[in-house]
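Step one of this worksheet: look at the structure below.
In my numbering, the protein residues as written are 762 to 964.
This is how it looks when you write it as structure tokens:
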């Protein structure tokens, strides 16, 4: 993908991010970029994919879900696919990014669906402090200085739950959004937030 096109995608992506989620993307970018064994094209696609994970598309149609009607993973995947299609990416690339985002909360499946799915799943996990020991303290400090965490776990959970509350179809039973909604309805902190609080980054 040409460099100027990647830059346009990045700029477009940032317009869909709020402050609480922006660091989630920035941290993952640097985790991937620090691994010299990865194909740069895969890293670029991984960054685009993680940038849209959990976001909501502005419109339905063209085979994509209508806003607020699907799980946040699917709506985020649809948005990324629409953006990549708009910028001329081929169908195989678009499908790969869609799959990586749609499966990023499906542990045990994403890791078996190729490099891009593995990168996205692993990067998101490291952002929550899972398997993040390979990041030394100097790099971690630089990442979080530039991209403050801003209570990332609780902010992300709140956004997913708010999306789920707007439409039950977006939170089917036993799905991640459905489980987060159930946990909040019982009045306790979500397991995701508790795991993050005990992870490498402490929140």
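Each residue gets a CB set at the ideal place from its N, CA and C atoms; glycine is no exception.
{"query": "Under 8 angstroms between C-beta atoms of residue 881 and residue 862", "result": "yes"}
{"query": "6 angstroms Cβ shell around residue 925 - same chain, five flanking residues per side excluded", "result": "931, 932, 938 and 942"}
{"query": "Beta-carbon spacing of residue 832, residue 936 below 8 angstroms", "result": "yes"}
{"query": "Rounded C-alpha distance that separates residue 923 from residue 958", "result": "21 angstroms"}
{"query": "Alpha-carbon to alpha-carbon, residue 904 and residue 955", "result": "22 angstroms"}
{"query": "Assigned secondary structure, residue 870 (DSSP; H/G/I helix, E/B strand, else coil)", "result": "coil"}
{"query": "Alpha-carbon to alpha-carbon, residue 889 and residue 895", "result": "14 angstroms"}
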